[in-house]
Structure formats: structure tokens, C-alpha cells
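Chemist: As numbered in full-length UniProt numbering, residues 1 to 115 make up the sequence shown, in order.
Input: one structure, supplied below.
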Amino acid sequence: MLSIENLKGELTDEQLEEIVKDSLKDFNAIKRVLLIHPDYTRTDFTDKLIPFIYQELKNKGMSQIDSLNAGGTHRPMTKEEIRSKLGLPSQINFNNYYNHEYNDPQRLITVGEIS
């Protein structure tokens, strides 16, 4: 297992792939996935991680993956912006691309509380 704390400098693609595989090793027979990700206001490494996550989930049998942009009160992202944020090459397609619709009470439900 690769320990991020012990690394110096940037992670290589091989190290990222190893981290993703190790993180998902206990998940089997995955069919449907909802990937919830930050929006355009967050600078992160989503575009580096998601292609590895996608491939590993696909290797585990994933048949559907949808994207939910967790944009809060920010403007919705276009499909193209989401694909860019997620680092998706043209050969990777998600089934659906959703934006968080915070301002439409008809689209919101309570699923629980965090204490």
C-alpha cells in the first residue's frame, strides 16, 4: 500500500492508479455509481483522479455512472464544463450529468441528518 504521507513532490500517474485501486479493493460487483464532485470554484485534482476511478469501477463491473455537480448556490455547470472538471477523455461517457438544484424545493428531499 502506498502511503501518501511518505511521498515527496508530485504523484505519478502510476502512484495515483495504485491509490485508487487500493481505495476500491473491497468493492465488488459494482453496477451503478453516482459520482458527486466539486464544481468549478474548487481547485483540486479531480481531473487527475476520475479517469483512474472510472477505469477501476468499470473493471469491477460498473454498468452505469452518473455525475452530480455539488455546486451549492453557484451557477450550474454545462456538460462540457463537467467533463473538463472530471478529466474525461472523449472515449469515456457518463450516462447522466446532473447539477445540484438547490433553489427548486420540488427537487429536494431529506434523507437524514448528520450529528
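Ideal placement from N, C-alpha and C gives every residue a C-beta, glycine not left out.
Identify whether arginine 32 lies in helix, strand or coil by the three-state DSSP scheme.
Modeler: Mapped onto the sequence shown, residue 32 falls at position 32. In the three-state reduction of the DSSP assignment, arginine 32 falls in the strand class.
Chemist: Could you name each continuous beta strand (DSSP E) segment of 3 residues or more that falls completely within the segment 1-89, going from the start of the chain to the end?
Modeler: 32-38 and 64-70
Chemist: Count the other C-beta atoms from every protein chain shown that fall within 10 angstroms of the C-beta of aspartate 39, then say buried if there are 16 or more, exposed otherwise.
Modeler: The residue you call residue 39 lines up with position 39 of the sequence shown. By the 10 Å Cβ count, aspartate 39 comes out buried.
Chemist: For isoleucine 36, which residues of its own chain have a beta-carbon under 7 Å away from its beta-carbon, when the five flanking residues on both sides are left out?
Modeler: As a position in the sequence shown, residue 36 is number 36, starting the count at 1. Excluding positions up to five away in sequence, the list reads Leu68 and Ala70.
Chemist: Taking DSSP's pairing of strands, which residues face tyrosine 98 in a bridge?
Modeler: For this step, residue 98 is matched to residue 98 along the sequence shown. Its beta-bridge partners are Leu68.
Chemist: Nearest to asparagine 96 by alpha carbon, out of Gln64, Thr12 and Ile19?
Modeler: If you number the sequence shown from 1, residue 96 lands on position 96. Checking every option, the nearest Cα to that of asparagine 96 belongs to Gln64.
Chemist: Is it buried or exposed for glutamate 56, if we count other Cβ within 10 angstroms and need 16 for buried?
Modeler: If you number the sequence shown from 1, residue 56 lands on position 56. So glutamate 56 counts as buried.
Chemist: Any idea if lysine 85 is buried or exposed, counting beta-carbon neighbours within 10 angstroms, 16 or more meaning buried?
Modeler: For this step, residue 85 is matched to residue 85 along the sequence shown. Around the beta carbon of lysine 85, 16 or more other beta carbons sit within 10 angstroms, so the residue counts as buried.
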